[in-house]
Structure formats: C-alpha cells, structure tokens
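Positions 0 to 103 (numbering that gives the first Met the number 0) are the ones given, in order, by the sequence shown. We put the beta carbon where it would ideally sit given N, CA and C, even for glycine. The model shown is predicted, which means the values in this text are computed figures rather than measured ones.
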Amino acid sequence: MSVILENIEALKNAKRFHIGEDYTYIWHTSGKLVGFKFVILQRENHSEYLHRYLLSVEQNSKIEKYFYHMDDRVPSLIGGNIYFERRYLDDAPINEMLHLDSVL
C-alpha cells in the first residue's frame, strides 16, 4: 500500500478529540513510551483540526496518555524511556506533551 493510501486510511479511522487550553502547570517528566495512535485534535475556541499522535507512556506502573505533534521519531522510540515536557491539567484524562527532549 502506498504512503498516501496509508495516510488516507489513517485519517478515516482516526478518533477525534477536543481539548481545552487551560492547564494547571508545565513540567518535565519521564517514562517508557509503550504505544501511539494517530488522532485528530480540535483546540477549544478554534475551528481547525490538528493531526496528532496519542502517546501511551508508562509512568510509575500506570499508563498515561498525551497528545503530541506528528514527529517522525515517535515510531522508533516505542519501548524506550523518554524525557519530556508536558502541559498538565488536574484530573484531565489526557494531557499534552509539549517537547520530547531526549531518549534515556
């Protein structure tokens, strides 16, 4: 299957999420990247849709979810430990990863 057809198929099957722009704090943390999915994200009070990854990161024996921009490094980092900056909102089911700073 061509790359274009794969991208079209991913768009058709992508889940859509809406996220607010509020946050409690920004900080650095680390964890093991265990998986990712392609999703479509819409920010609060904006009409455009953004293509993002929904990353699953194991932290303290618990899986946390983060939205992250499309980064070619992500598939090759599965199973590795990463250090990143996140924007965190208390009690949010999914938070946002701002920068993937390094691989540990």
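As assigned by DSSP and simplified to three states, the class of residue i
i          : result
residue 84 : strand
Residue nearest to residue i in terms of C-alpha spacing, selected from the options
i          : options        : result
residue 57 : 41, 85, 32     : 32
residue 74 : 52, 23, 101    : 52
residue 92 : 69, 54, 50     : 54
residue 14 : 42, 89, 38, 78 : 38
residue 12 : 36, 27, 59     : 36
residue 90 : 21, 8, 16      : 21
residue 46 : 88, 16, 82     : 16
Cβ-based burial, residue i [other Cβ within 10 Å; buried from 16]
i          : result
residue 30 : buried
Range covered by the beta strand (DSSP E) that runs through residue i
i          : result
residue 62 : 61–68
residue 51 : 48–58
Check: What beta strand (DSSP E) runs, 3 residues minimum, are completely inside the stretch 6–43?
Finding: 14–18, 24–42
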